[in-house]
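Novice:
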Amino acid sequence: MHICIITSARIFDIPYSGEGRFAASLGKWLASRTHIVTLMGSGFASIKTKQLSKFDMNPSLEISDVKNGKHKKVIFLYPPYPVYLLSRLVMTVLWSLKILLINRKSAIKLVHAQDTGYSGLAAVISGKLLRIPVIISSHGIRHITLESVIRGRFRKILLWFERHLDIFVVKNADRILVVNPAIGLYFQQLILSTKRIDVMPIPIKLRNFKFSKKNRDEIRNELGITTDDENTRVIGYIGRFSPEKNLTTLLDSFANMAQDYSNIKLVLVGAGQLEHELKEYTVKRAIEDKVIFYGVRYDIGRILAALDIFVLPSYTEGLSTALLEAMASGRAIVCSDIAANHQLVAHDREGLFVNPYDPIALENAMRLLANNDSLRLRLGENAKIRASEYDEEIVFSKILRYYEALVSEPQ
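For the sequence shown, my numbering puts the final residue at 605, and the numbers step up evenly by one.
#1: Going by CA-CA distance only, name the one from L563, T442, E424, F362 that's closest to H166.
#2: Would you kindly work out how many angstroms separate the C-alpha atoms of F348 and P276, rounded to a whole number?
#3: Let me check one thing: in DSSP terms, what residues is Y431 bridge-paired to?
#4: Just the C-alpha distance for I293 and V284, rounded to the nearest angstrom, thanks.
#5: Helix, strand or coil for A307? Go by DSSP, reduced to three states.
#6: Just to confirm the assignment: which complete beta strand (DSSP E) runs, minimum length 3, are found wholly within the region 291-343?
#7: Would F504 and L468 qualify as a contact pair, given that the criterion is a beta-carbon distance under 8 Å?
#8: Tell me the residue span of the beta strand (DSSP E) that contains V231.
#9: Give the secondary structure of K248 by DSSP, where H, G and I count as helix, E and B as strand, and everything else as coil.
#10: Quick one: is T421 buried, meaning 16 or more other Cβ sit within 10 Å of its Cβ, or exposed?
#11: Name the DSSP bridge partner or partners of K392?
#12: Provide the residue span of the alpha helix (DSSP H) that contains L506, from first to last.
#13: Buried or exposed, going by whether 16 or more other CB atoms sit within 10 Å of the CB of K592?
#14: Which residue from I330, L513, I432, K473 puts its Cα closest to that of I497?
#15: Tell me the DSSP secondary structure of S258 in three-state form.
#16: Look at H196 and S300 and say whether their C-beta atoms are less than 8 Å apart.
#17: Residues in its own chain within less than 7 Å of W289 by CB, not counting five upstream and five downstream?
#18: Do D502 and V601 have their C-beta atoms within less than 8 Å of each other?
#19: How is G574 classed by DSSP in three states: helix, strand or coil?
#20: Sorted by chain position, which residues of the same chain lie with C-beta nearer than 6 Å to T426's C-beta, five sequence neighbours on each side aside?
#21: If you drop the 5 nearest sequence neighbours on each side, which residues of the same chain put their C-beta closer than 7 Å to that of L518?
#22: Determine the contact status of L513 and A526, defining contact as a CB-CB distance below 8 Å.
#23: Helix or strand or just coil, what does DSSP make of P253?
#24: For the candidate residues V373, F381, K459, whose alpha-carbon lies nearest to that of D360?
#25: Give me the Cα-Cα distance between S202 and T286, rounded to the nearest whole angstrom.
#26: When you compare only the Cα positions, how much space is there between A500 and M560?
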């Protein structure tokens, strides 16, 4: 079966996007099961495509340009949102045309897009033209997330457009896969039907996140922590540097905490539009010597091994891959008390919940874990057990059966 997987993420450049990692992992898994996979994503002002098969697949797709976990320099550009929107519409046309051209060489049986926006629109357009089924995976409610991103005089118009784009894509897809039930209920109200909506969680490859003392020592050495110094507490975040991730609150809480701790560090892994602003803020709060901006990395399992506490302070999430990976690594978790995180974590069992709007609560939770070795160990062990339910072998097998059932239906 030839399957086209399409994502708006820069899947071949940037590793920390949960949506992008999901698409790459799913594509590789399907190819290893003798299916042909066309994997499509975006690049810097371009689209990128790779075809995967069991016979010619690069087994290290996501690390093809990596040395010691570091990627080649990635170019970021953050234009005014109207310009960005127009560029995405152009990409939608290019993705659609590319799918049609690829189909002429090898018939595509199904298109699976990873968002309800522009890649979803390309999937719907090409699916209608080719008369093949279209699945849309929603990793979050896109237009609600954009409310914290879009600014300026055209904000209301742009948000109206993005919301109606999501509605159009959802209504015209054959199936919608959501990562948690709350998103499913939201879309149920949009299309007034439950028949086309199913919950399918994000999986991870568990073996990539098995704890290693060697990895812990190597990364902590990179951070300037000697091998025999286990008293230094390392707190970490992995993901985009974007408004909905609430990283200023994390810096505030950490800055207050750092006044009482000489041996503490905060590691921020990733990149994004707020990076410069966040770096300036560390200087303003006089914590620049304790906060490490680690950049874009692929060796997430190694980095997680070096952490004592993983923090996810987001205002909103779909189902966080970064959170799931930290749980699989047995890290002590502090995360926002929001609906999506409740699917993975119970308070005081796999982690600690905090109000994302309350920096004092976040500070207190980090202090508690920094001071309590047994609590960190208990939460980490429970988190590891919970994460074992989300191994990609289990979830991807379900997705493949889902594909096969949909393709066999009369169109």
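Built from N, CA and C at the ideal position, the CB exists for glycine as well.
Specialist: Working from what's here:
#1: The displayed coordinates of the chain run from 195 to 605. Any statement about residue 166 would go beyond what the structure contains.
#2: If I take the Cα positions, the gap works out to 8 Å.
#3: The bridge partners DSSP lists for Y431 are L462.
#4: Just so you know, the alpha carbons of I293 and V284 end up roughly 14 Å apart.
#5: If DSSP states are grouped into helix, strand and coil, A307 belongs with the strands.
#6: The region 291-343 contains these whole beta strand (DSSP E) runs: 304-307, 328-332.
#7: Result no, Cβ atoms of F504 and L468 do not sit closer than 8 Å.
#8: Membership of V231 in the beta strand (DSSP E) is indicated by the continuous run 230-237.
#9: Coil.
#10: Classification of T421: exposed, given that the 10 Å Cβ count is below 16.
#11: Just to set this straight, residue 392 is Asp in the shown sequence, not Lys. Per DSSP, L371.
#12: Careful: L506 lies outside any alpha helix (DSSP H), inside the beta strand (DSSP E) at 503-506.
#13: Exposed, since its Cβ has fewer than 16 Cβ neighbours within 10 Å.
#14: Put simply, of I330, L513, I432, K473 the residue whose alpha carbon is nearest the alpha carbon of I497 is I432.
#15: Low local confidence applies: a pLDDT of 41 at S258 is under 50, so the model's placement there is unreliable, and no value is given.
#16: Cβ distance < 8 Å, so H196 and S300 count as in contact.
#17: Leaving aside the five residues that flank W289 on each side, the residues in its chain whose CB is nearer than 7 Å to its CB run, in chain order, I200, M234, I241, S313, A316.
#18: Contact: no.
#19: It is helical.
#20: In chain order, I419, N457 place their CB closer than 6 Å to the CB of T426, counting only its own chain and leaving out the 5 sequence neighbours on each side.
#21: Answer for L518: I396, I398, L538, A581, Y584, listed in chain order.
#22: Not a contact, by the Cβ cut-off of 8 Å.
#23: For P253, the pLDDT reaches just 47, beneath the cut-off of 50, and the residue's location in the model is therefore unreliable, although a value from the coordinates is still provided. Coil, per DSSP.
#24: Comparing Cα-Cα distances from D360 to each of V373, F381, K459, the minimum goes to F381.
#25: Put simply, the backbone Cα of S202 is about 9 Å away from that of T286.
#26: Here the alpha carbons of M560 and A500 stand approximately 16 Å from one another.
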